[in-house]
């Protein structure tokens with residue numbers, strides 16, 4: 001029997017690892033708890049009704065149909081036995097592995113305030129995106145039926161918490177919907193009166209960017225109609241709004257639609273790995289890995305992507321932490337695959353080295369910031385050309401010709417008409433999501 | 001104040017009625033419990049992962065954005081007061097009307113066996129389509145993980161109950177998925193071994209068609225790999241399969257994926273109308289209307305579409321029942337709108353007269369039957385050209401240029417590659433749907 005490679009998770013890291021092993025003399029099993037690979041950088045477009053779910057999600061087994069050494073299984077791995085070299089599924093089934101790559105990713109963290117989850121959904125899965133889409137569209141619907149001015153104003157106030165790339169994208173697109181997509185479609189309210197607030201704890205948005213680009217992003221957001229609140233700490237979230245504290249003191253924001261784009265925590269599978277191997281977790285729950293991405297004392301287990309607290313080891317430089325972005329995950333996937341092949345040949349594994357091509361974030365129509373590392377030095381620009389660059393970079397990396405084409409058509413249409421093509425909410429859309437029903441729904445909902 | 005027209009329901013009938021009143025000196029309010037108009041003839045394509053939900057659903061208020069005399073409200077009307085001329089919403093809100101058009105449509109009926117609903121979902125809403133999509137795709141996923149041959153065979157047996165147009169479309173497409181879309185993507189099972197059964201109580205499929213076309217449809221289904229069981233009565237459905245009785249006796253069919261395409265019942269709003277006006281309901285719960293579509297003694301209330309038990313009144317002919325198809329609903333919508341305008345002018349209303357353009361049904365790839373009424377007499381054909389005719393007729397009637405275009409691209413892609421573009425299931429897709437979680441989910445799920 002050929003060596004058995006088990007890959008847990010089919011995000012950017014897991015997908016790339018499996019692909020990098022396409023010619024290896026191994027049997028690969030890739031396990032994911034959903035049936036699709038999700039192109040996460042465009043998930044905010046599903047949440048804001050610009051794209052349908054199938055445009056950014058492809059069935060995992062379809063992606064590997066021609067790679068005959070890959071078996072795709074739908075299931076959730078909940079534990080690992082490092083001695084017996086098995087993985088345990090939620091339903092109790094077990095799978096043997098000789099080499100294990102754990103790429104289970106991350107989820108959102110409410111910094112210990114899990115009760116906020118019901119009032120401020122995050123954006124990691126298709127279900128999250130549908131929930132945000134529902135809340136945004138339903139807030140306008142409810143406002144059209146509301147006669148009380150104060151309640152109507154609360155319905156038309158949208159708050160995004162967290163000024164990272166996702167928060168900036170969501171806030172900018174909400175403003176675009178209110179100002180450009182919906183006007184003319186309501187008879188009792190004017191959607192342009194909707195307020196979009198972006199609340200960020202630090203003094204600037206897009207902290208991973210150079211300061212000048214952060215300031216440019218703030219200006220572009222303001223021009224799109226977003227009110228940016230910097231240095232604002234969230235102290236409470238409930239069904240009717242949130243409490244923040246700024247230098248000016250405490251403030252209450254009324255809102256029926258709050259979105260959480262602030263904290264990220266590693267997958268709970270990190271805890272299971274710590275139980276199994278005694279590996280260390282960092283504060284965000286990420287697994288601290290060796291330079292070659294393996295676990296200390298367990299060379300057959302590698303952890304990659306958002307679940308790994310990995311360092312980039314460039315000869316002659318201090319080790320530097322790898323940022324939680326998709327190029328990082330992909331590069332780790334390739335490194336893990338190469339290390340498995342080295343071990344099979346009896347060679348020493350190599351340390352992971354991250355190549356940073358730069359950073360880009362979109363803000364809304366015609367607005368983006370780009371920070372590239374080129375051989376000739378850093379290249380930074382913002383505005384319309386940054387937006388075009390962002391657009392083609394993202395469409396280019398989208399999986400599958402057909403998706404790229406459909407996404408381009410959707411975007412061209414949206415650009416010229418200001419319309420958004422996925423403004424559809426199934427069911428009556430009116431019932432408030434209770435945490436229980438949301439969990440029940442998220443356990444089994446197909447998508448678009 | 002101008003006369004207030006209230007239209008309940010935005011299916012084909014309600015949409016057409018509101019459009020026909022575009023130049024009338026009235027204020028129209030159109031109320032629907034979802035935010036979209038659904039192009040129901042293509043809903044089976046969403047259920048079988050061929051199209052994404054936004055391709056066949058358009059926001060109601062977007063459709064009416066330029067018709068300034070229309071106000072769109074999201075909400076569910078649960079009662080009508082015929083004397084006070086009000087409609088009562090689920091949340092207790094009330095709305096005054098001078099003219100009421102009730103176009104609330106139909107739902108599926110399990111002939112009093114409501115416990116079957118959990119095991120055999122029907123296909124009327126986007127949520128239904130997502131549930132069927134989930135069950136079909138997850139059955140293949142579970143089969144790939146199943147080692148027991150009997151359980152695997154049960155997972156790979158799909159049963160569609162009801163040989164009307166929807167049942168025929170679903171069965172044909174399931175067979176196509178098993179034979180053409182999925183082979184090559186699994187490593188442990190061969191999807192071509194899946195069995196698709198179509199169970200019909202009467203002696204032929206497509207009963208509304210001429211007998212020769214029914215026979216042609218049966219042959220085309222068989223050629224696609226569907227096993228057609230005619231004259232088979234369903235006596236029980238549970239989580240593991242169903243019991244049927246045929247001339248040969250009782251039989252048990254093991255299946256984990258049963259779809260209900262057999263019975264239709266009118267919206268419960270029919271009961272509310274009967275309470276309010278004393279109108280008669282037929283056996284399917286449809287409201288028996290006067291020749292002009294109004295209710296006896298209540299000329300300001302008209303009922304149209306699938307909720308109406310209406311007759312076509314062609315001068316010199318016996319009244320004939322109107323079939324429950326979209327052209328019937330649309331024509332009733334136009335008739336109801338015209339009758340409101342006649343009453344506003346003090347004229348007598350006119351009886352409804354249905355023009356039958358014929359009947360078409362698709363079966364699967366290259367397979368369809370067409371039965372047209374032309375001035376030169378009936379025109380009947382089947383097979384490839386019928387399929388092309390069906391395709392262009394459906395794309396033509398799809399709402400909005402963009403949808404038509406995207407649907408054509410999706411179909412062209414699917415035709416040449418045998419691939420299906422919406423094979424995405426959100427969440428882990430594994431949890432069995434309990435009726436309670438299905439209801440909770442269906443109350444709030446956005447779509448694709």
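Chains as they are written, first to last, in the working numbering: chain A, 1 to 448; chain B, 1 to 448. Idealized CB from N, CA, C, for every residue including glycine.
Across the region 82–102 of chain B and the region 288–306 of chain B, are there enough close Cβ pairs to call them in contact, namely three or more that are closer than 8 Å?
Output reads yes: the region 288–306 of chain B touches the region 82–102 of chain B.
Do the region 18–27 of chain B and the region 115–135 of chain B meet, that is, are 3 or more Cβ pairs less than 8 Å apart?
The answer is no - the region 115–135 of chain B does not touch the region 18–27 of chain B, with fewer than three Cβ pairs under 8 Å.
What does the alpha-carbon distance come out to for the pair residue 416 of chain A and residue 366 of chain A?
Residue 416 of chain A sits at position 416 when you count from the first residue of the first chain. Residue 366 of chain A sits at position 366 when you count from the first residue of the first chain. Rounded to whole angstroms, residue 416 of chain A to residue 366 of chain A spans 12 Å at the Cα level.
Sort B/34, B/9, B/49 and B/41 by Cα distance to residue 418 of chain B and report the nearest one.
Locating residue 418 of chain B in the second chain gives position 418, counting from the first residue. If we check each option's Cα against that of residue 418 of chain B, B/49 comes out closest.
Against chain B, with Cβ distances strictly below 8 Å, would residue 397 of chain A count as a contact?
Along the first chain, one-based indexing puts residue 397 of chain A at 397. Judged by the 8 Å Cβ criterion, residue 397 of chain A is not in contact with chain B.
Could you tell me the distance, in whole angstroms, from the CA atom of residue 234 of chain A to the CA atom of residue 109 of chain B?
Working through the first chain from its first residue, we reach residue 234 of chain A at position 234. Working through the second chain from its first residue, we reach residue 109 of chain B at position 109. Roughly 50 Å separates the two Cα atoms.
Mind checking residue 323 of chain B: buried by the 16 CB within 10 Å criterion, or exposed?
For the purposes of this step, residue 323 of chain B is taken as residue 323 along the second chain, with counting starting at 1. Result: exposed.
Within 8 Å (strictly less), CB to CB, does residue 52 of chain A reach chain B?
Position 52 of the first chain, counting from 1, holds the residue named residue 52 of chain A. Residue 52 of chain A counts as touching chain B.
With 8 Å set as the bound, which would you pick, yes or no: does the beta-carbon of residue 149 of chain A sit closer than that to a beta-carbon of chain B?
Reading the first chain from its first residue, position 149 is the one you call residue 149 of chain A. Judged by the 8 Å Cβ criterion, residue 149 of chain A is not in contact with chain B.
Using only the alpha-carbon positions, how far apart do residue 46 of chain B and residue 11 of chain A sit?
Here the question's residue 46 of chain B lines up with position 46 in the second chain. Here the question's residue 11 of chain A lines up with position 11 in the first chain. Cα to Cα, residue 46 of chain B sits roughly 25 Å from residue 11 of chain A.
Mind checking whether residue 206 of chain B and residue 369 of chain B have CB atoms under 8 Å apart?
Walking along the second chain from the start, residue 206 of chain B turns up at place 206. Walking along the second chain from the start, residue 369 of chain B turns up at place 369. Yes, Cβ-Cβ distance for residue 206 of chain B and residue 369 of chain B is below 8 Å.
Hey, residue 191 of chain B and residue 182 of chain B are a contact pair by Cβ (cut 8 Å); roughly how many whole angstroms apart?
Numbered from its first residue, the second chain carries residue 191 of chain B at position 191. Numbered from its first residue, the second chain carries residue 182 of chain B at position 182. Going by Cβ atoms, the distance from residue 191 of chain B to residue 182 of chain B rounds to 4 Å, so yes, they are a contact pair.
So the candidates are A/260, A/406, A/340 and A/114; which of them puts its Cα closest to the Cα of residue 165 of chain A?
Sequence index remark: in the first chain, residue 165 of chain A carries index 165 (1-based). Residue 165 of chain A has its Cα closest to that of A/260, out of A/260, A/406, A/340 and A/114.
Using a Cβ cut-off of 9 Å, pull out every chain A residue sitting near residue 409 of chain B, in sequence order please.
On the second chain, residue 409 of chain B is found 409 positions in, with the first residue counted as 1. Correct list: 402, 405, 406 and 409.
I want to see whether chain A comes within less than 8 Å of residue 59 of chain B, judged by CB atoms only; does it?
In the second chain, the residue the question calls residue 59 of chain B occupies position 59. Yes - at least one Cβ of chain A is within 8 Å of the one on residue 59 of chain B.
Residues in the same chain with beta-carbon distance under 7 Å from residue 353 of chain A, minus the five sequence neighbours each way, listed in chain order, please.
As a first step, residue 353 of chain A is located in the first chain; it is residue number 353 there, counting from the start. So the qualifying residues of the chain are 312, 313 and 314.
Where do the ends of the alpha helix (DSSP H) carrying residue 47 of chain B lie?
Counting from 1 along the second chain, the entry for residue 47 of chain B is found at position 47. From DSSP, the alpha helix (DSSP H) with residue 47 of chain B extends over 43–47.
Using a threshold of 8 Å, state whether the C-beta atoms of residue 236 of chain A and residue 253 of chain A are closer than that.
Stepping through the first chain from its first residue, residue 236 of chain A is reached at position 236. Stepping through the first chain from its first residue, residue 253 of chain A is reached at position 253. The answer is no: Cβ separation not under 8 Å.
Unbroken alpha helix (DSSP H) runs of length 4 or more, entirely within the region 384–419 of chain A: which are they?
As far as the region 384–419 of chain A is concerned, its whole alpha helix (DSSP H) runs of at least 4 residues are 384–397 and 401–417.
Take the Cβ of residue 138 of chain A as the centre, count every other Cβ of all protein chains shown within 10 Å, and call the residue buried at 16 or more, exposed below.
To locate residue 138 of chain A, count along the first chain from 1; it is residue 138. It is buried - the Cβ of residue 138 of chain A has at least 16 other Cβ atoms within 10 Å.
How is the beta strand (DSSP E) around residue 252 of chain B delimited, first residue to last?
Counted from its first residue, the second chain places residue 252 of chain B at position 252. Counting along the chain, the beta strand (DSSP E) containing residue 252 of chain B begins and ends at 249–254.
Find the nearest neighbour of residue 360 of chain A within the set A/20, A/208, A/79 and A/91, judged by alpha-carbon distance.
Here the question's residue 360 of chain A lines up with position 360 in the first chain. Comparing Cα positions, the closest option is A/208.
Just the C-alpha distance for residue 384 of chain A and residue 321 of chain A, rounded to the nearest angstrom, thanks.
Numbered from its first residue, the first chain carries residue 384 of chain A at position 384. Numbered from its first residue, the first chain carries residue 321 of chain A at position 321. Their Cα atoms are separated by approximately 32 Å.
On the three-state DSSP scale, how would you describe residue 257 of chain A?
Working through the first chain from its first residue, we reach residue 257 of chain A at position 257. Strand.
Suppose the cutoff is 6 Å on Cβ atoms and the five residues either side in sequence are ignored; what does the same chain contact list for residue 18 of chain B look like?
Within the second chain, numbered from 1, the residue matching residue 18 of chain B stands at position 18. The residues are 7, 28, 30 and 70.
Express the C-alpha separation of residue 364 of chain A and residue 173 of chain A in angstroms, rounding to a whole number.
As a working mapping, residue 173 of chain A is identified with position 173 in the first chain. As a working mapping, residue 364 of chain A is identified with position 364 in the first chain. Approximately 6 Å, taken between the alpha carbons.
Please report how far the alpha carbon of residue 215 of chain B lies from the alpha carbon of residue 201 of chain B, in whole angstroms.
Here residue 215 of chain B is taken as the residue at index 215 of the second chain, counted from 1. Here residue 201 of chain B is taken as the residue at index 201 of the second chain, counted from 1. The alpha-carbon atoms of residue 215 of chain B and residue 201 of chain B are separated by roughly 15 Å.
What in chain A is Cβ-close to residue 468 of chain B, meaning under 8 Å?
Coverage of chain B is limited to positions 1 through 448, which leaves residue 468 of chain B absent and any answer about it impossible.
With a threshold of 8 Å between beta-carbons, can residue 447 of chain A be considered close to chain B, or not?
In the first chain, counting from the first residue as 1, residue 447 of chain A sits at position 447. Caution applies to residue 447 of chain A, whose pLDDT of 48 falls short of 50 and renders its modelled position unreliable; the value that the coordinates give is listed next. Residue 447 of chain A counts as touching chain B.
To the nearest angstrom, how far is it from the Cα of residue 421 of chain A to the Cα of residue 279 of chain A?
Your numbering for residue 421 of chain A matches position 421 in the first chain. Your numbering for residue 279 of chain A matches position 279 in the first chain. Each residue's alpha carbon lies about 46 Å from the other.
Curious, which full-length beta strand (DSSP E) runs of at least 3 residues does the region 261–310 of chain A contain?
264–266 and 298–303, all fully within the region 261–310 of chain A.
Is it right to say residue 59 of chain A is buried, meaning 16 or more other beta carbons lie within 10 angstroms of its own, or is it exposed?
Counting from one through the first chain, the residue named residue 59 of chain A turns up at place 59. Residue 59 of chain A comes out buried.
Can you tell me the Cα-Cα spacing of residue 112 of chain B and residue 333 of chain B, whole angstroms?
For the purposes of this step, residue 112 of chain B is taken as the residue at position 112 of the second chain. For the purposes of this step, residue 333 of chain B is taken as the residue at position 333 of the second chain. In a straight line, the C-alpha of residue 112 of chain B is about 31 Å away from that of residue 333 of chain B.
In three-state terms, what does DSSP make of residue 33 of chain A?
Translated into positions along the first chain, residue 33 of chain A becomes position 33. The answer is coil: DSSP assigns residue 33 of chain A none of H, G, I, E or B.
Measuring CA to CA, which of A/223, A/82 and A/414 is closest to residue 97 of chain A?
Translated into positions along the first chain, residue 97 of chain A becomes position 97. Closest by alpha carbon: A/82.
Does DSSP put residue 101 of chain B in a helix, a strand or coil?
Walking along the second chain from the start, residue 101 of chain B turns up at place 101. Residue state, collapsed to three classes: strand.
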